[in-house]
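Down below is the structure, laid out as structure tokens.
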Amino acid sequence: MLALSLFALLAAVGCTTFARAVKEGDSFTTQRQWAQAEAAYQRALAAEPGDSEVKVKLRDMRRAWSAEVLQAAEAKRAQGDLAGATPLLVRALELDGDNAEARTALEQTLEARVAVAQKALKEDKLQEARAEFDAVLAVDAQHGAALKGVKAVRTAFARRWFTNATRLEEEGKLGNALMSYVRADQELVGATPARERAEAVRRKLQDEVAFMVVTSPAEDKANAPDVLQRLSPGRLAAMLPQEVPIRVITTEAPKDHEGVRVGLALERVLPVKSVEQAQKSTRYVVTNKAVPNPRRLELETALLTQERKLEEVERRLGGVLREYLRRQDELVQAREVAGRCRDRERKACLTALSECNAAIGRGKPGEIPKECDPSRCNAQCMQEEDSYARRSQGALELERKLEGAQEAAELQRREVQRGRDSWYREPLTVEEPVYADYPYDVELHRLSLTATVTERLVDLSKDAAAGSPHTGDYVAMHEDSSNKAYDKVGVLADPVQLRSEAELRVESGDKAMESIASRVMERFDVYRQRRVEDARRGMVRPSAEDVVETAVRALLLTADAPPQDILLPLARARGLDNPQALFGQ
């Protein structure tokens, strides 16, 4: 019944909300307050989603709203404000998709905006034309004329950037020209030969800022042509990073060019082979012997622990049992005392009743004799009853405690029995293997080859003093051990397998060239860091032509890890979506 009442109450509330929302919607529609009317009808549909009358009212309201928006759009069109009329026409169609007049007006407006954009394109107002075409495509993404117009605008932008890049290249501003060629290629790939020209300009810039490494064939003082071959200029070029402009040449560098001159001399190649005697030992099983079972000792210890625990549990059980028996005796005594008190109380009440009856018979009519006082039959055993109840409750609690102690004792007895079973089943002794160590001879064969190389790095700048030579030993080594077979103890034969001396000679030469390449890179890092610092100082105005020239050269020198604090501002200043395109990626 309560559920039915609650349901009826909720239904009444729902109907009240629905009716109020419909009434508000009708009122707002009459007042032509369309947004408030739509919200009210939506609230009504939320309360009653299937109400067809509200759906019809909402549809009619939206049609009237659409007609009003269409009138505002037509007024904008009459004023020549196509940009203002477009969103109104779109809104009118959103409100009433069957509004054919609004659809026709929107198509005409879009065609008019395309015509405006094409006129701007002919007048070379590319930004204005692109804005109009984009606005048309935002409404109709498949508009054919707008799509063609966007492509034409991008082609015009690409040609404009290409023309600008050609002018900058002719003026010798190669950094700015490279940025413009990349931007032209970004606008529309293939519209101009910008990508090919960008690659040509990039090569010119790389040649301009390249770090020259002038080297000549190494001097062979050790008469070791195989090691000398690893110190060739080609090997040095292969070990330097390919992303940055480092040129390894064997001729004279252009005048006043940054770089370093490398002089190499192979002083000696010293192979050393040695054999060292050593001993190893292996363990093997001699026999087996019987030993006391350690597992049995563990089980015996666990069993003793469980038995001690059982003794403690049984001791607690005995204490609880004695307390329970004592409480039972007290409960019996309390019950007897309460029973005797109730008998006395009953007898006293019966006596009072008989005396009252006799007094009534003797007394005058209408009078209540004093022998009929009700207090003579009042309860007189409250204390005994309370004592009996407390003792009874205590006995019940103690009984539950006794049952828990008995259960714990039974569980512990089972654990003890399981421990005894495990201990009896475990054997007294087990077999244990006896090991012995067998020593055997081992030969350690070691082959090392040391290549001593002297290098001299001299800066190509005019005032650079001759660098002091650096001599280093580059060691390649391999070792292996060998021994005979001792089948009796399971040692397998291990023949010596050393790498050949020719392999070690190649490895030592490569180590020497790696060291030389790392020192050349240190000089190159110093050079390009100067360029990077110069570029960073100009980042306060990244769009300036002189700053772009410096920054582009610094970026080409750091193509392996371009600094983002230079690359990103430069790309934003020139509108590059993909900054890595500057490096041809």
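Using mature numbering (1 follows the signal peptide of the UniProt record, and there is no 0), the letters of the sequence shown correspond one by one to residues -21 to -1, 1 to 564. Beta carbons: idealized from backbone N, C-alpha and C, even for Gly.
Handout entry: Closest residue to V206 among V485, V227, R397 (Cα-Cα distance)
Key = Indexing the sequence shown from 1 puts residue 206 at position 227. Minimum Cα distance to V206 is reached at V485.
Handout entry: Neighbour-count burial assignment, E277, 16 or more Cβ in a 10 Å radius
Key = The count along the sequence shown starts at 1 and reaches residue 277 at position 298. Per the 10 Å Cβ criterion, exposed.
Problem - Cutoff 6 Å; reference T8; Cβ partners in own chain excluding five residues on either side - result: The residue given as residue 8 occupies position 29 in the sequence shown. The residues are A16, M40.
Exercise for the section: Give a yes or no on whether the C-beta atoms belonging to P474 and S461 are separated by under 8 Å. Expected result: One-based indexing of the sequence shown puts residue 474 at position 495. One-based indexing of the sequence shown puts residue 461 at position 482. Yes.
Exercise for the section: May I ask you to report which of helix, strand or coil DSSP gives D113? Expected result: By 1-based counting over the sequence shown, the position of residue 113 is 134. Reduced to three states, the DSSP call for D113 is helix.
Handout entry: Bridge partners - T229, DSSP secondary structure assignment
Key = Within the sequence shown, the letter at position 250 stands for residue 229. Answer by DSSP bridge pairing: none, since T229 is not bridged.
Practice task
Give every residue of the same chain whose Cβ lies closer than 7 Å to the Cβ of H236, excluding the five residues on either side of it in the sequence, and list them in chain order.
Solution key: In the sequence shown, the residue the question calls residue 236 occupies position 257. These residues qualify, in order along the chain: M191, L439.
Problem - Residues sharing a beta bridge with E411, DSSP - result: Locating residue 411 in the sequence shown gives position 432, counting from the first residue. Answer by DSSP bridge pairing, in chain order: K268.
Problem - Close beta carbons around T266, own chain, < 7 Å, minus the five adjacent residues each side - result: Here residue 266 refers to the residue found at position 287 when the sequence shown is read from its first residue. V413.
Exercise for the section: Return the Cβ separation of Y160 and V180 in integer angstroms, given the expectation that the two are a contact with Cβ distance under 8 Å. Expected result: Counting from one through the sequence shown, the residue named residue 160 turns up at place 181. Counting from one through the sequence shown, the residue named residue 180 turns up at place 201. That belief holds up - the Cβ atoms of Y160 and V180 are roughly 6 Å apart, short of 8 Å.
Problem - Straight-line Cα distance separating A430 from S487 - result: Within the sequence shown, numbered from 1, the residue matching residue 487 stands at position 508. Within the sequence shown, numbered from 1, the residue matching residue 430 stands at position 451. Whole-angstrom Cα-Cα distance: 6 Å.
Handout entry: Residue range of the unbroken beta strand (DSSP E) whose run includes S460
Key = On the sequence shown, position 481 is the one that residue 460 refers to. Taken as a continuous stretch (DSSP letters only), the beta strand (DSSP E) holding S460 covers 449 to 461.
Exercise for the section: Measure the C-alpha to C-alpha separation of R510 and S195 and round it to an integer number of angstroms. Expected result: By 1-based counting over the sequence shown, the position of residue 510 is 531. By 1-based counting over the sequence shown, the position of residue 195 is 216. For R510 and S195, the distance between alpha carbons rounds to 28 Å.
Problem - beta-carbon E422 near the ligand COA non-hydrogen atom, thresh 7 Å - result: This structure lacks the ligand COA, and indeed carries no ligand of any kind.
Exercise for the section: For T65, count neighbouring Cβ atoms within 10 angstroms of its own Cβ and tell me buried if that reaches 16, exposed if not. Expected result: To locate residue 65, count along the sequence shown from 1; it is residue 86. When all chains shown are included, T65 counts as buried.
Exercise for the section: Classify P521 as helix, strand or coil using the three-state DSSP reduction. Expected result: Here the question's residue 521 lines up with position 542 in the sequence shown. It is coil, neither helix nor strand.
Exercise for the section: Buried or exposed for R209, please, with buried defined as at least 16 other CB atoms from any protein chain shown within 10 angstroms of its CB. Expected result: One-based indexing of the sequence shown puts residue 209 at position 230. Buried, because 16 or more other Cβ atoms sit within 10 Å of the Cβ of R209.
Problem - First and last residue of the uninterrupted alpha helix (DSSP H) at F(-4) - result: Locating residue -4 in the sequence shown gives position 18, counting from the first residue. First-last of the alpha helix (DSSP H) with F(-4): -20 to 9.
Exercise for the section: Between the Cα of R275 and those of M500, L407, K152, A108, spot the shortest distance and give me the residue it belongs to. Expected result: As a working mapping, residue 275 is identified with position 296 in the sequence shown. Answer by Cα proximity: L407.
Problem - Residue nearest to D400 in terms of C-alpha spacing, selected from Q559, L377, A491, A281 - result: Translated into the one-based positions of the sequence shown, residue 400 becomes position 421. Considering only alpha carbons, the answer is A281.
Practice task
Can you check DSSP and say which residues form a bridge with D473?
Solution key: Within the sequence shown, the letter at position 494 stands for residue 473. N462, per the DSSP bridge assignment.
Exercise for the section: With a floor of 4 residues, list each alpha helix (DSSP H) that falls wholly inside the region 149 to 177, ordered by position along the chain. Expected result: 153 to 166
Handout entry: Spatial distance of Q359 from G318 (CA atoms)
Key = Mapped onto the sequence shown, residue 359 falls at position 380. Mapped onto the sequence shown, residue 318 falls at position 339. If you take the alpha carbons of Q359 and G318, they lie about 12 Å apart.
Problem - Three-pair Cβ contact test at 8 Å for the region 235 to 255 versus the region 421 to 430 - result: yes
Exercise for the section: Taking only the alpha-carbon atoms, compute the straight-line gap between R92 and V115 and give it to the nearest angstrom. Expected result: In the sequence shown, counting from the first residue as 1, residue 92 sits at position 113. In the sequence shown, counting from the first residue as 1, residue 115 sits at position 136. If I take the Cα positions, the gap works out to 7 Å.
Problem - Boundaries (first-last residue) of the alpha helix (DSSP H) holding F190 - result: Along the sequence shown, one-based indexing puts residue 190 at 211. Looking at the DSSP string, F190 is not in any alpha helix (DSSP H); the run it does join, the beta strand (DSSP E), is 190 to 194.
Problem - Exposure of H122, with buried meaning 16 or more beta-carbon neighbours within 10 Å - result: The sequence position of residue 122 within the sequence shown is 143, counting from 1. Classification for H122: buried.
Exercise for the section: Look up V421 in the DSSP assignment and say whether it is helix, strand or coil. Expected result: As a working note, residue 421 is residue 442 in the sequence shown. Looking at V421 - three-state DSSP - the assignment turns out to be strand.
Problem - Cutoff 6 Å; reference L49; Cβ partners in own chain excluding five residues on either side - result: Numbered from its first residue, the sequence shown carries residue 49 at position 70. Excluding positions up to five away in sequence, the list reads A71, A81.
Practice task
Determine the burial state of Q396: buried for a count of at least 16 other Cβ atoms within 10 Å of its Cβ, exposed for fewer.
Solution key: The residue you call residue 396 lines up with position 417 of the sequence shown. Looking at its Cβ environment, which holds fewer than 16 other Cβ atoms inside 10 Å, Q396 is exposed.
Practice task
Leaving aside the five residues before and after D420 along the sequence, list all residues of the same chain whose C-beta is less than 8 Å from its C-beta, in chain order.
Solution key: Along the sequence shown, read from residue 1 onward, the residue named residue 420 stands at position 441. Closer than 8 Å at the Cβ level, and outside the excluded window around D420, lie Q256, A257, Q258, N462, K463.
Handout entry: Close beta carbons around E480, own chain, < 6 Å, minus the five adjacent residues each side
Key = The sequence position of residue 480 within the sequence shown is 501, counting from 1. The residues are P250.
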